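Trainee: Quick one: the structure is below, questions incoming.
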Amino acid sequence: MRVVLGVTGGIAAYKAAHVLRGLRERGHAVRVVPTEAALRFVGAPTWEALSGEPVSTTVFEGVENVEHVRIGHEADLVVVAPATADLLARARGGMADDLLTATLLTATCPVVVAPAMHTEMWFNAATVDNVAALRARGWTVIEPASGRLTGADTGPGRLPEPDDIIRTALAATGRSAAPGPQDSPSAHGPLAGAAVVVSAGGTREPLDPVRFLGNRSSGKQGAALVAAAAAAGAQATLIAANVDSGVLAELPAAVAVEQVNTTAELEAACAAHASHADVIIMAAAVADYRPAAAAEHKMKKSGDDLTIALVENPDILRGLVELRDAGRARTGQLLVGFAAETGSHDGSAESLAQAKLLRKGCDLLVFNDVSGDRAFGRDDNAVVVYRAGTGGAEEVTRSEGSKADVSKDVIAAVAAERSR
Ligand SMILES: Cc1cc2nc3c(=O)[nH]c(=O)nc-3n(C[C@H](O)[C@H](O)[C@H](O)COP(=O)(O)O)c2cc1C
Numbered sequence: 001m002r003v004v005l006g007v008t009g010g011i012a013a014y015k016a017a018h019v020l021r022g023l024r025e026r027g028h029a030v031r032v033v034p035t036e037a038a039l040r041f042v043g044a045p046t047w048e049a050l051s052g053e054p055v056s057t058t059v060f061e062g063v064e065n066v067e068h069v070r071i072g073h074e075a076d077l078v079v080v081a082p083a084t085a086d087l088l089a090r091a092r093g094g095m096a097d098d099l100l101t102a103t104l105l106t107a108t109c110p111v112v113v114a115p116a117m118h119t120e121m122w123f124n125a126a127t128v129d130n131v132a133a134l135r136a137r138g139w140t141v142i143e144p145a146s147g148r149l150t151g152a153d154t155g156p157g158r159l160p161e162p163d164d165i166i167r168t169a170l171a172a173t174g175r176s177a178a179p180g181p182q183d184s185p186s187a188h189g190p191l192a193g194a195a196v197v198v199s200a201g202g203t204r205e206p207l208d209p210v211r212f213l214g215n216r217s218s219g220k221q222g223a224a225l226v227a228a229a230a231a232a233g234a235q236a237t238l239i240a241a242n243v244d245s246g247v248l249a250e251l252p253a254a255v256a257v258e259q260v261n262t263t264a265e266l267e268a269a270c271a272a273h274a275s276h277a278d279v280i281i282m283a284a285a286v287a288d289y290r291p292a293a294a295a296e297h298k299m300k301k302s303g304d305d306l307t308i309a310l311v312e313n314p315d316i317l318r319g320l321v322e323l324r325d326a327g328r329a330r331t332g333q334l335l336v337g338f339a340a341e342t343g344s345h346d347g348s349a350e351s352l353a354q355a356k357l358l359r360k361g362c363d364l365l366v367f368n369d370v371s372g373d374r375a376f377g378r379d380d381n382a383v384v385v386y387r388a389g390t391g392g393a394e395e396v397t398r399s400e401g402s403k404a405d406v407s408k409d410v411i412a413a414v415a416a417e418r419s420r
């Protein structure tokens, strides 16, 4: 595959050398297109030596080959890592004032960008707006990691690890990152060749720069499901909403991981997969409401009680059903919902789950009783899978045991439903 690696002017530019190496080791040809600013951090000889290809930042070199159009046209994948706030703004504005932005305008292949910048730049309304616009155009914008930044400060804005960038980038083209032998998806499993996307964890809605409204989902069940899907032969992608790094570290290498934080980000990531996913399993616990406005600065105690206005979040599963019904999703796509119910005066947990299946319009619903201490953070689980039958919700299977065993049963039910 022919990959263009855009590198922009941030401290993390040196990490792009590892992204380049990793792509080359997986057999891909890589043309590095840095910005002028990037070359102030890491020089052209590094990129030329590691890629074996020439490096230019301007449209006025190699003019006889019309490089500003050719590079984008020939690319099977464009990855920009790190992407500065400036690059996001220029790309959003459709600028073509250097070779990288011209390439981004002419590329018709998947584009994956990995922003890295100070937390303030990342949360600035202009950057938030630019990221949303680029995602809406179909680009994959990888969430930055949290941690130590350029100075002594910490927060979201770090470039994710090169291996995570490579995994996400290759997944955007429908490929997995060269799995090790024990991780190889089976070519003959019940989901062989199917693109399966699983969301996991819990979304968080910021109240201010340090606080959020969240839930207790650990992401273990979603992680077990995506691993079971990969073992069943699927091209598996996990959209991880605040899943513990320990849980992510145990995923098979064949699983592509995209990290999101808020419900809006999860919605955008799911929508971006709708066109090519054969199966989408929505196991993430999505916040039903978010604060009407997140405070720009940390909220201080005032001595008075505090009332926070909440607005309803979009219903992501319902939105996916609507995309499919409108013919804007992969033909024959199977949509699987999760219902974590505790029961209430409106009915038993089980009857609420059955009602949810019919209300949402998905194909299968995995019901999981979370009353008491069940499910959250534990390694075992008990679920009932329902399908939407002609006469209402029909029970497909019951499963109890470790989250890995339960996942195998759920994936078997998914495979069976696909072949009905
Ligand atoms: C030491 C230093 C580190 C920087 N790190 C970043 C960064 O991590 N992210 C970012 O968006 N901008 C960063 N900048 C600012 C960019 O270099 C600047 O906006 C530049 O114009 C980006 O150009 P480019 O997008 O064409 O590469 C940094 C600047 C300096 C001097």
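Take 1 as the starting number for the sequence shown in the UniProt record's numbering and just add one per residue. Glycine included, each C-beta is placed from N, C-alpha and C at the ideal position. Being a predicted model, the structure only gives us computed values, none of them experimental.
Give the DSSP-derived three-state secondary structure of Gly-319 in the structure shown.
Mentor: helix
Trainee: Would you decide whether His-73 is buried or exposed? Buried here means 16 or more other CB atoms lie within 10 Å of its CB.
Mentor: exposed
Trainee: Taking the straight line between their C-alpha atoms, what separation do you get for Asp-183 and Ala-349?
Mentor: Below a pLDDT of 50, predicted positions are generally treated as unreliable, and Asp-183, at 41, falls in that range; the measurement from the model is reported next regardless. If you take the alpha carbons of Asp-183 and Ala-349, they lie about 37 Å apart.
Trainee: Kindly confirm or deny that the segment 316-335 and the segment 393-407 touch, where touching means at least three C-beta pairs closer than 8 Å.
Mentor: no
Trainee: Here's the rule I'm using: 16 or more other beta-carbon atoms within 10 Å means buried, otherwise exposed. How should Lys-298 be labelled?
Mentor: Answer is exposed; the Cβ neighbour count stays below 16.
Trainee: DSSP three-state label for Met-95, please.
Mentor: coil
Trainee: Got a sec: does ligand 1 put a non-hydrogen atom nearer than 6 Å to the Cβ of Met-95?
Mentor: Not so, every heavy atom of ligand 1 lies at least 6 Å from the Cβ.
Trainee: Identify the continuous beta strand (DSSP E) that holds residue 424 and give its terminal residues.
Mentor: In the structure displayed, the chain extends from 1 to 420; residue 424 sits before or after that span and is not available.
Trainee: Taking 6 Å as the cut-off, is the beta-carbon of Ile-71 closer than that to any non-hydrogen atom of ligand 1?
Mentor: no
Trainee: Consult DSSP for Ile-281 and reduce its assignment to one of helix, strand or coil.
Mentor: Reduced to three states, the DSSP call for Ile-281 is strand.
Trainee: Less than 7 Å between the beta carbons of Ile-279 and Glu-143, yes or no?
Mentor: Residue identity check: residue 279 is Val in the sequence provided, not Ile. No, the Cβ-Cβ distance between Val-279 and Glu-143 is not below 7 Å.
Trainee: Residues in its own chain within less than 8 Å of Ala-274 by CB, not counting five upstream and five downstream?
Mentor: Ile-280, Leu-320, Leu-323, Arg-324, Arg-328, Ala-329, Arg-330 and Gln-333
Trainee: Could you say which of Ala-126, Val-406, Glu-120 and Glu-67 lies nearest to Ala-91 if we only look at CA atoms?
Mentor: Cα-wise, what sits closest to Ala-91 is Ala-126.
Trainee: Does the distance from the CB of Ala-195 to the CB of Ile-411 come in under 7 Å?
Mentor: no
Trainee: In terms of DSSP beta bridges, what is Ala-295 paired with?
Mentor: Residue pairing from DSSP leaves Ala-295 without any beta-bridge partner.
Trainee: Measuring from the CB of Leu-5, is there a heavy atom of ligand 1 at a distance below 6 Å?
Mentor: It does not: the Cβ of Leu-5 is nowhere closer than 6 Å to a heavy atom of ligand 1.
Trainee: What span of residues does the beta strand (DSSP E) with Pro-82 cover, start to end?
Mentor: 77-83
Trainee: Output the distance between the C-alpha atoms of Ala-382 and Val-406, rounded to the nearest integer angstrom.
Mentor: Approximately 7 Å, taken between the alpha carbons.
Trainee: Assign Asp-305 to one of three DSSP states: helix, strand, or coil.
Mentor: coil
Trainee: Within 10 Å of its beta-carbon, does Val-197 have 16 or more other beta-carbons around it, so buried, or fewer, so exposed?
Mentor: Buried is the call here.
Trainee: Where DSSP assigns a beta bridge to Phe-123, which residues make up the other side?
Mentor: In DSSP, Phe-123 forms no bridge with anything.
Trainee: When you compare each of Leu-20, Glu-64 and Arg-318 to Asp-163 by their alpha carbons, which one comes out closest?
Mentor: Leu-20
Trainee: How would you label Phe-367, buried or exposed, when you count the other beta carbons within 10 angstroms and need 16 or more for buried?
Mentor: Here Phe-367 is buried: its Cβ has 16 or more other Cβ atoms, across all protein chains shown, within 10 Å.
Trainee: Is there contact between the segment 97-110 and the segment 118-137, where contact requires at least three CB pairs shorter than 8 Å?
Mentor: With contact defined as three or more Cβ pairs closer than 8 Å, the segment 97-110 and the segment 118-137 are not in contact.
Trainee: Identify, in the order they occur along the chain, each residue of the same chain with its Cβ nearer than 7 Å to the Cβ of Arg-40, setting aside the five sequence neighbours on each side.
Mentor: Gly-9
Trainee: Less than 6 Å separating the Cβ of Asp-86 from some heavy atom of ligand 1?
Mentor: At least one heavy atom of ligand 1 is nearer than 6 Å to the Cβ of Asp-86, so yes.
Trainee: Ligand 1 and Ala-38: does any heavy atom of the ligand fall closer than 6 Å to the residue's C-beta?
Mentor: yes
Trainee: Counting only the same chain and skipping the five closest in sequence on each side, list residues whose C-beta sits under 6 Å from that of Thr-150.
Mentor: So the list reads Ile-11, once near-sequence residues are dropped.
Trainee: CB Val-336 to CB Leu-364, shorter than 7 Å?
Mentor: yes
Trainee: Could you tell me which of Gly-22, Ala-416 and Asp-315 sits nearest to Thr-203, measuring between CA atoms?
Mentor: Asp-315
Trainee: Near Gly-201, what residues of its chain come up, given a Cβ to Cβ distance below 8 Å and the 5 sequence neighbours on each side ignored?
Mentor: Ser-217, Ser-218, Gly-219, Gly-222, Ala-240, Ala-241, Asn-242, Val-243, Ala-284 and Ala-285
Trainee: Determine whether the beta carbon atoms of Gly-233 and Gly-189 lie at a separation below 7 Å.
Mentor: yes
Trainee: Put Asp-380 into one of helix, strand or coil per three-state DSSP.
Mentor: Strand, per DSSP.
Trainee: What does DSSP give as the partner residues of Asp-369 in its beta bridges?
Mentor: Glu-341
Trainee: Residues in its own chain within less than 7 Å of Glu-48 by CB, not counting five upstream and five downstream?
Mentor: Pro-54 and Val-55
Trainee: So does Thr-8 have its beta carbon nearer than 6 Å to some heavy atom of ligand 1?
Mentor: yes
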